[in-house]
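Down below is the structure, laid out as structure tokens.
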Amino acid sequence: MTTIAVLGAGKIGESLLSGLLKAGRAPADLLFTERFPNRAAELSETYGITHVSVADAVRRADVIVVAVKPQDIEPLLDEVAPNLPSGKLVVSLCAGLPTSLFERRLPEGTAVVRVMPNTPMLVGEAMSAISAGSCATDADLELVEELLGSVGKVVRVPESQQDAVTALSGSGPAYFFYLVEAMIDAGILLGIPRATAADLIVQSAVGAAAMLREGGGHPVMLREAVTSPAGTTIAGIRELEKHGVRAALIDAIEAARDRSVELGAAHEDRD
1 MTTIAVLGAG KIGESLLSGL LKAGRAPADL LFTERFPNRA AELSETYGIT
51 HVSVADAVRR ADVIVVAVKP QDIEPLLDEV APNLPSGKLV VSLCAGLPTS
101 LFERRLPEGT AVVRVMPNTP MLVGEAMSAI SAGSCATDAD LELVEELLGS
151 VGKVVRVPES QQDAVTALSG SGPAYFFYLV EAMIDAGILL GIPRATAADL
201 IVQSAVGAAA MLREGGGHPV MLREAVTSPA GTTIAGIREL EKHGVRAALI
251 DAIEAARDRS VELGAAHEDR D
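Residue numbers for the sequence shown follow the UniProt record's numbering, beginning at 1 and rising by one.
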């Protein structure tokens with residue numbers, strides 16, 4: 001069996017470990033690193049997975065999953081590089097960081113796969129986009145697809161699209177949460193208790209997402225099916241258009257894309 005080490009057991013790292021266990025991976029085939037001792041002890045007790053040092057993780061594992069925040073990548077690579085044997089697969093879950101950064105810092109020929117997941121990984125409904133570095137093979141991508149398939153859906157994209165993916169699906173859940181928050185507040189304004197408003201909106205969101213995923217048609221068609229002539233929905237849609245909500249969302253996603261580019265560029269000149 002392939003041994004997998006997750007470097008950084010935050011929410012995304014823990015979610016991946018949990019998903020791999022649910023998919024049938026044995027705890028003995030998983031390792032993790034965590035800089036906070038209390039957190040490490042908690043995870044080991046919860047999942048039965050061994051906590052190790054970074055040096056031990058990269059020496060013992062076949063696949064090294066990097067799940068730290070982008071600002072923490074440089075010191076981590078300082079630990080990984082001198083201890084990483086040849087033939088290991090490195091999988092980056094770090095937003096905005098290109099495969100070239102890892103290839104430059106790690107031993108020559110290291111296979112790197114870049115992944116942009118999102119937080120629905122916590123409930124097994126992640127959307128992950130993967131891209132191969134210059135040394136990664138189709139077999140490497142297939143292995144990453146298998147691993148991430150345990151916590152959601154996976155698509156392959158050219159790395160040139162990863163900054164856009166980061167803005168669209170990586171940050172996407174936050175936009176949905178923002179809209180749901182606003183809709184719940186509107187329900188309260190209209191006299192509905194908060195708990196009831198939350199139930200109404202959350203279930204509406206779940207149902208709408210299911211209709212989109214299960215082939216209910218293009219979102220325009222689904223929206224038009226709810227929008228009767230001179231009805232309540234079109235009155236609401238008119239206000240959304242009047243306030244530029246569509247344009248604001250597009251601008252927000254462009255801004256997130258630009259920030260992803262900046263995160264990667266910040267590391268381009270470092271060695």
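Cβ coordinates follow ideal geometry from the N, Cα and C atoms, glycine included.
- Going by DSSP, serine 92 is part of the beta strand (DSSP E) stretching over 89 to 92.
- Secondary structure within the region 55 to 115: the beta strand (DSSP E) runs of 3 or more consecutive residues, fully enclosed, are 63 to 66 and 89 to 92 (chain order).
- Contact annotation: the region 16 to 35 does not touch the region 159 to 171, with fewer than three C-beta pairs closer than 8 Å.
- Runs of the alpha helix (DSSP H) lying entirely within the region 144 to 181 and spanning at least 4 residues, in chain order: 162 to 165.
- The alpha-carbon of leucine 190 is positioned some 49 Å away from that of arginine 25.
- The beta carbon of leucine 106 sits closer than 8 Å to those of Leu77, Val80, Ala81, Leu84, Val90 and Val112, all from its chain and outside the five residues before and after it, given in chain order.
- Between the region 191 to 199 and the region 172 to 179, the count of C-beta pairs closer than 8 Å stays below three; the two stretches do not touch.
- With a contact defined as Cβ atoms closer than 8 Å, threonine 3 and arginine 60 qualify at about 6 Å.
- Burial check for glycine 264: the Cβ neighbour count within 10 Å reaches 16 or more, so the residue is buried.
- With 16 or more other Cβ atoms from the protein chains shown falling within 10 Å of its own Cβ, leucine 20 counts as buried.
- Boundaries of the alpha helix (DSSP H) around leucine 16: 11 to 22.
- In the three-state reduction of the DSSP assignment, serine 53 falls in the coil class, being assigned neither a helical nor a strand state.
- Taking the C-beta atoms as reference points, proline 27 is found nearer than 7 Å to glycine 48.
- Rounded to the nearest angstrom, the gap between the Cα atoms of valine 226 and arginine 213 is 17 Å.
- By the Cβ neighbour-count rule, glycine 236 is exposed, with fewer than 16 other Cβ atoms within 10 Å of its own.
- Comparing C-alpha distances from leucine 97 to each of Gly244, Ala132 and Leu122 shows the shortest one belongs to Ala132.
- Straight-line spacing of the CA atoms in leucine 222 and alanine 210 works out to 12 Å.
- Taking 7 Å as the cut-off, the Cβ atoms of serine 128 and valine 115 count as close.
- Each residue's CA atom was taken as its position, placing alanine 41 and valine 165 some 34 Å apart.
- The continuous alpha helix (DSSP H) containing serine 44 extends over residues 37 to 47.
- Apart from the 5 residues on each side of it in sequence, glycine 216 sits with its Cβ closer than 6 Å to the Cβ of Leu222 in its chain, given in chain order.
- Bounds of any alpha helix (DSSP H) do not take in leucine 190, whose DSSP letter is neither H nor E.
- Assigned with DSSP and collapsed to three states, serine 228 falls in coil, not helix or strand.
- Residue state for threonine 33 is assigned as strand, using DSSP reduced to three classes.
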